[in-house]
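K.L.:
Attaching a single structure in structure tokens format; questions to follow.
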Amino acid sequence: MSSLKNKSTADTTVVGGGDSSMFDITLAQLTELMDVREKDLKEKLHSSEYNGIKGVLEKLKVDVNKGLDSKNQQDLEQRRTAYGRNEIPPKPMKTFLRLCWDALHDMLLVILLVCAVVSIGLSFYKPPQEDDNVKEDGRKQHDIKLDFLTYVHIDESHESMC
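Heads up: the sequence shown runs through residues 461 to 622, numbered per the working numbering.
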């Protein structure tokens with residue numbers, strides 16, 4: 461097998477670059493087409509280099525009506541060798557500490573944390589006549605921590621849906 465070359469594009473990594481001599485279009489040309497958007501893509505596709513979508517299909521030796529023959533394993537393997545696997549690698553997961561750090565950039569959360577610090581600071585002050593609220597003060601501190609963790613979890617869930 462040929463050696464694999466990595467080429468980084470906008471958000472993906474293209475792996476492949478084997479022998480594409482049996483095809484009339486290279487991996488670099490396909491990558492270039494994938495990076496172009498909207499009006500520029502239309503112009504590029506209809507240029508003399510590609511001759512439209514049908515021209516690209518002819519260069520890739522793909523039947524316009526049938527597409528690729530999934531039963532022809534030799535053809536599929538040649539394409540995989542020439543162009544690499546047709547997949548986008550998943551984004552790496554963020555660690556919990558990274559999510560906490562990202563959450564600290566939200567102004568509302570910063571205000572809430574400042575209020576929490578003030579509240580914790582005030583919980584250490586005990587007027588001489590009150591001793592009954594000791595358990596309640598500890599509970600407030602745990603509630604604040606729980607609120608922060610809940611906020612980070614909700615923020616993470618929101619980001620994963622976007």
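Positions of the beta carbon are idealized from the N, C-alpha and C atoms, including for glycine.
Keep in mind that this is a model prediction, so the values were computed, not measured.
What three-state label does DSSP hand Gly-515 in the structure shown?
P.N.:
As a working note, residue 515 is residue 55 in the sequence shown. If DSSP states are grouped into helix, strand and coil, Gly-515 belongs with the helices.
K.L.:
Go through its chain and collect everything with a Cβ distance to Ile-604's Cβ below 8 Å, but skip five positions before and after it.
P.N.:
Residue 604 sits at position 144 when you count from the first residue of the sequence shown. For Ile-604, where only same-chain residues beyond five positions count, the Cβ hits under 8 Å are Ala-576, Ser-579 and Ile-580.
K.L.:
Work out the CA separation of His-613 and Pro-549 for me, nearest whole Å.
P.N.:
In the sequence shown, counting from the first residue as 1, residue 549 sits at position 89. In the sequence shown, counting from the first residue as 1, residue 613 sits at position 153. C-alpha separation (whole angstroms): 24 Å.
K.L.:
What are the uninterrupted segments assigned as alpha helix (DSSP H) that are 4 or more residues long and contained completely in the segment 505-577, given in chain order?
P.N.:
You should have 512-519, 533-543 and 556-563.
K.L.:
Can Val-615 and Ala-563 be called in contact, C-beta distance under 7 Å?
P.N.:
The residue labelled residue 615 in the question sits at position 155 within the sequence shown. The residue labelled residue 563 in the question sits at position 103 within the sequence shown. The question names Val, but residue 615 in the sequence shown is Asp. Their beta carbons are under 7 Å apart, which means Asp-615 touches Ala-563 by this criterion.
K.L.:
Is it true that the CB of Val-496 sits closer than 7 Å to the CB of Lys-504?
P.N.:
As a working mapping, residue 504 is identified with position 44 in the sequence shown. As a working mapping, residue 496 is identified with position 36 in the sequence shown. In contact: Lys-504 and Val-496 (Cβ atoms closer than 7 Å).
K.L.:
Do Ile-485 and Lys-521 count as a contact pair if the criterion is CB distance below 7 Å?
P.N.:
By 1-based counting over the sequence shown, the position of residue 521 is 61. By 1-based counting over the sequence shown, the position of residue 485 is 25. Not closer than 7 Å, so no.
K.L.:
Compare the C-alpha of Asn-546 against each of Leu-536, Leu-606, Pro-552 and Thr-555 and name the closest.
P.N.:
Along the sequence shown, read from residue 1 onward, the residue named residue 546 stands at position 86. Among Leu-536, Leu-606, Pro-552 and Thr-555, the Cα nearest to that of Asn-546 belongs to Leu-536.
K.L.:
Return the residue from the list Ser-481, Leu-493 and Phe-608 that minimises the CA-CA distance to Leu-557.
P.N.:
Your numbering for residue 557 matches position 97 in the sequence shown. When each option's Cα is compared against that of Leu-557, the closest is Phe-608.
K.L.:
From Ser-508, Asn-511 and Leu-517, pick the residue whose C-alpha is nearest to that of Phe-483; which is it?
P.N.:
Within the sequence shown, numbered from 1, the residue matching residue 483 stands at position 23. That would be Leu-517, whose Cα lies nearest to the Cα of Phe-483.
K.L.:
Using the beta-carbon count (16 or more within 10 Å), is Arg-540 buried or exposed?
P.N.:
In the sequence shown, residue 540 corresponds to position 80, counting from 1. Flag for Arg-540 reads exposed.
K.L.:
Taking only three categories from DSSP, how would you classify Gln-489?
P.N.:
Sequence index remark: in the sequence shown, residue 489 carries index 29 (1-based). DSSP places Gln-489 in helix when its eight states are reduced to three.
K.L.:
Buried or exposed, going by whether 16 or more other CB atoms sit within 10 Å of the CB of Leu-528?
P.N.:
For the purposes of this step, residue 528 is taken as the residue at position 68 of the sequence shown. Exposed.
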